[in-house]
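Colleague: Below are the structure tokens for one structure; questions will follow.
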Amino acid sequence: MKEINKYIPGITLAMCIALAARLLENLENAAGLHLISASVLALFIGMAINAIRTPGEAMTPGVRFTSKKLLKFAIILLGASLNIATVITVGRISLVVMVFTLATCFGLGSLIGKALDLNWKTSSLINAGTGICGGSAIAAIAPVIEADNMDIAYGMSATFIFDMIMIVVFPLLGRAMGLSDAAFGLWTGTAVNDTSSVVAAGYAFSEAAGDFATMVKLTRTLSIIPAVLVFAAVNLRLKKKASLDAQAEKVSIQSIFPWFILGFLAMSALTSLGLIPTSLSGLMKDASKFLMVSALGAIGLSTDFRQLARSGVRPMIHGFIISLLVVLVAIGVEYFMGIAPSGSLEAYNVLY
Numbered sequence: 072m073k074e075i076n077k078y079i080p081g082i083t084l085a086m087c088i089a090l091a092a093r094l095l096e097n098l099e100n101a102a103g104l105h106l107i108s109a110s111v112l113a114l115f116i117g118m119a120i121n122a123i124r125t126p127g128e129a130m131t132p133g134v135r136f137t138s139k140k141l142l143k144f145a146i147i148l149l150g151a152s153l154n155i156a157t158v159i160t161v162g163r164i165s166l167v168v169m170v171f172t173l174a175t176c177f178g179l180g181s182l183i184g185k186a187l188d189l190n191w192k193t194s195s196l197i198n199a200g201t202g203i204c205g206g207s208a209i210a211a212i213a214p215v216i217e218a219d220n221m222d223i224a225y226g227m228s229a230t231f232i233f234d235m236i237m238i239v240v241f242p243l244l245g246r247a248m249g250l251s252d253a254a255f256g257l258w259t260g261t262a263v264n265d266t267s268s269v270v271a272a273g274y275a276f277s278e279a280a281g282d283f284a285t286m287v288k289l290t291r292t293l294s295i296i297p298a299v300l301v302f303a304a305v306n307l308r309l310k311k312k313a314s315l316d317a318q319a320e321k322v323s324i325q326s327i328f329p330w331f332i333l334g335f336l337a338m339s340a341l342t343s344l345g346l347i348p349t350s351l352s353g354l355m356k357d358a359s360k361f362l363m364v365s366a367l368g369a370i371g372l373s374t375d376f377r378q379l380a381r382s383g384v385r386p387m388i389h390g391f392i393i394s395l396l397v398v399l400v401a402i403g404v405e406y407f408m409g410i411a412p413s414g415s416l417e418a419y420n421v422l423y
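Under this note's numbering, the final residue of the sequence shown carries the number 423; numbering is consecutive throughout.
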């Protein structure tokens, strides 16, 4: 019981932020504005609280639990409202766009890092965070390439700052370009970095776009596994080149696999088989969205602008350039495929 009690203060604070954000969103919608979603509001409220007074040690376990574990649980619950056939189709369609965005990140990103005279480890973490899934990819790859704390701080800062910009700017750009829900969801899921940011940007546009973006993002997250294996091989090669006595780094697939994706797919399968009633599915989706907003509030509580400012200029420039390139490449491929601006999954003979 004592172990559980340590999580309660932080979880309670994050959920209070979520309630406040939902209230503000409802007031905003009642006024006919529809500018900022509850997800974005929760993130900003959390940041404001952190700037005024950093949450104490009593809050830390619960805040961390909410931003990591509850977010993943929320995505699992989201699966209850989605059909498995749609999830599989989204993965197939998004794979085409992902090939180009990943090639941009790891190809051009490497050259940009060299041009800026960045440590290859710092550059690689920024590229991985931008191309795959933000902090999760950085956390998975960092130990494999033996990155130090400063490399990780640079990588996290560079990707996180531009995620914050994308959360606000993406929905505005999507509406300005007249993108459909499917086109915007695919663009967001392949171009925005972290899962929480994809969720925020997607649902700020529309509920359908948020669902689509989340599914695309889950497909994209799976590329962590081959990326970690490739970086393990690269690091081993460099170590052997430096010393004949270098030992291979052990990579555990079990430790890097995003298991919550299996839960998401399982819930989708149960819904597709008719084993989850429509009424229960709706309640589970409402719970999912509330937990997502809570998780974003917790992430805001953990964000220190002063620490980000100390991360340096060159990693920020690298992050900006590679993020901009990914955004342009992703939407460019969509236009080439005929998905943007008004295309939908019907173009692929799939009911969405």
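Think of the CB as a built atom: it goes at the ideal place given N, C-alpha and C, for glycine as much as any other residue.
Since the model is a prediction, treat every value here as computed from it, not as a measurement.
CA-CA distance, residue 272 and residue 129?
Modeller: Near 31 Å, if we compare the C-alpha coordinates of residue 129 and residue 272.
Colleague: Count the other C-beta atoms from every protein chain shown that fall within 10 angstroms of the C-beta of residue 312, then say buried if there are 16 or more, exposed otherwise.
Modeller: Residue 312 comes out exposed.
Colleague: Does DSSP put residue 263 in a helix, a strand or coil?
Modeller: DSSP places residue 263 in coil when its eight states are reduced to three.
Colleague: Using CA coordinates, which residue listed in 306, 116 and 261 is at the minimum distance from residue 95?
Modeller: Residue 95 has its Cα closest to that of 116, out of 306, 116 and 261.
Colleague: Could you give the uninterrupted runs of the beta strand (DSSP E) lying entirely in the region 222 to 275, keeping only those of 3 residues or more?
Modeller: Counting whole runs of 3 or more residues, the region 222 to 275 contains no beta strand (DSSP E) stretch at all.
Colleague: Using DSSP with H/G/I as helix, E/B as strand and the rest coil, what is residue 288?
Modeller: Reduced to three states, the DSSP call for residue 288 is helix.
Colleague: If you measure between the beta carbons of residue 226 and residue 189, is that distance less than 8 Å?
Modeller: No; because the gap between Cβ atoms is not below 8 Å, this pair is not in contact.
Colleague: Short check: CB of residue 371 to CB of residue 230, under 8 Å?
Modeller: Contact: no.
Colleague: Can you give the Cα-Cα distance for residue 336 and residue 173, rounded to whole angstroms?
Modeller: The alpha-carbon atoms of residue 336 and residue 173 are separated by roughly 24 Å.
Colleague: Are the CB atoms of residue 257 and residue 287 nearer to each other than 8 Å?
Modeller: Yes.
Colleague: How many angstroms separate the CA atom of residue 147 from the CA atom of residue 360?
Modeller: About 11 Å.
Colleague: Compare the Cα-Cα distances from residue 278 to each of 183, 86 and 353 and report the closest residue.
Modeller: Closest option to residue 278, Cα to Cα, is 353.
Colleague: Would you give the residue range spanned by the alpha helix (DSSP H) that residue 87 belongs to?
Modeller: From DSSP, the alpha helix (DSSP H) with residue 87 extends over 79 to 101.
Colleague: Look up residue 191 in the DSSP assignment and say whether it is helix, strand or coil.
Modeller: Helix at residue 191.
Colleague: Taking residue 335 as part of the alpha helix (DSSP H), name the residues at either end of that continuous run.
Modeller: Start and end: 331 to 343.
Colleague: Rounding to the nearest angstrom, what Cα-Cα distance links residue 219 and residue 393 in this structure?
Modeller: For residue 219 and residue 393, the distance between alpha carbons rounds to 22 Å.
Colleague: Can you tell which of 410, 221, 92 and 292 has the C-alpha that lies nearest to the C-alpha of residue 386?
Modeller: Closest option to residue 386, Cα to Cα, is 221.
Colleague: Assign residue 250 to buried or exposed, taking buried as 16 or more other Cβ atoms, counted over all protein chains shown, within 10 Å of its Cβ.
Modeller: Residue 250 is buried by the Cβ-count criterion.
Colleague: Return helix, strand or coil for residue 421, following the three-state DSSP convention.
Modeller: For residue 421, the predicted structure reports a pLDDT of 41, less than 50, and the residue's modelled location is therefore unreliable. A value from the coordinates is still provided. Coil.
Colleague: Judging by CA-CA distance, which residue of 98, 138, 410 and 356 is the nearest neighbour of residue 373?
Modeller: If we check each option's Cα against that of residue 373, 138 comes out closest.
Colleague: Whole angstroms are fine: how far does the CA of residue 408 sit from the CA of residue 241?
Modeller: Straight-line Cα distance between these residues: approximately 20 Å.
Colleague: So, are the CB atoms of residue 131 and residue 81 less than 8 Å apart?
Modeller: Going by C-beta atoms, residue 131 is nearer than 8 Å to residue 81.
Colleague: Just the C-alpha distance for residue 280 and residue 180, rounded to the nearest angstrom, thanks.
Modeller: Roughly 28 Å between the two C-alpha positions.
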